[in-house]
Amino acid sequence: MTLDLRRLNKGFIEPGFICDVHLGKLARRLRLLGFDTIYRNDLEDDEIVRIARADDRVILTRDGEILNNKTARSYRPNSIYSDMQVREVLTALNLRGQIRPFSRCITCNGEITPVEKESVITLVPPRSGQFMQSFWRCQVCGKIYWQGSHYEKLRKWVDFEVLGI
Numbered sequence: 140m141t142l143d144l145r146r147l148n149k150g151f152i153e154p155g156f157i158c159d160v161h162l163g164k165l166a167r168r169l170r171l172l173g174f175d176t177i178y179r180n181d182l183e184d185d186e187i188v189r190i191a192r193a194d195d196r197v198i199l200t201r202d203g204e205i206l207n208n209k210t211a212r213s214y215r216p217n218s219i220y221s222d223m224q225v226r227e228v229l230t231a232l233n234l235r236g237q238i239r240p241f242s243r244c245i246t247c248n249g250e251i252t253p254v255e256k257e258s259v260i261t262l263v264p265p266r267s268g269q270f271m272q273s274f275w276r277c278q279v280c281g282k283i284y285w286q287g288s289h290y291e292k293l294r295k296w297v298d299f300e301v302l303g304i
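Under our numbering, the residues of the sequence shown are numbered 140 to 304, in order.
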């Protein structure tokens, strides 16, 4: 079943998504914004539907067969460009107030939590360890994050493209 957007004017309490194989960039962008988003490029359509139903997730897809499945909620972004898809999903599902940037791992979807610098200093590039003071680690895959130049680019994307600041 596709989403009745008129009934979603208050948004989700805790939105969860699953993206099909064609929406990997959208999945990473939604994770960057803090949304629980499953994405694997090896999932078959029936498995996507099964996971969506079991976990009460909205399927994000451009696949007509998945959209026609009446047993799971789905939404079709109209744009083929990931930045526009993000804006479209946030607006259509009324999610702008639920953005929590940099709270999820863009690689695996795990939650990111602060860690002591001393616990990761040997795991980051020497210059980052020398100049950065704050670090975060994914609780699932262990990926380490810090606020370097890549962070600044992503922060500008969030501010400009998503929040319109």
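C-beta atoms are modelled at their ideal positions from N, C-alpha and C, and glycine is treated no differently. Since the model is a prediction, treat every value here as computed from it, not as a measurement.
- The three-state reading of DSSP puts residue 241 in coil, since its state is none of H, G, I, E or B.
- 228 is the residue among 228, 211, 185, 277 whose C-alpha sits nearest the C-alpha of residue 217.
- Positions of the beta strand (DSSP E) runs, each at least 3 residues long and wholly inside the region 182-244, are given as 197-199 in order along the chain.
- Per the DSSP secondary-structure output, residue 178 pairs in a beta bridge with 158.
- Residue 178 counts as buried, since at least 16 other C-beta atoms from the protein chains shown sit within 10 angstroms of its C-beta.
- Nearest neighbour of residue 238 by Cα position, chosen from 174, 303, 167, turns out to be 174.
- In the DSSP assignment, residue 270 falls within the alpha helix (DSSP H) that extends over 265-270.
- For residue 254, no alpha helix (DSSP H) encloses it; the enclosing beta strand (DSSP E) starts and ends at 251-254.
- Here the alpha carbon of residue 157 sits roughly 11 angstroms from the alpha carbon of residue 170.
- Spanning the alpha carbons of residue 282 and residue 257 requires a straight line of approximately 15 angstroms.
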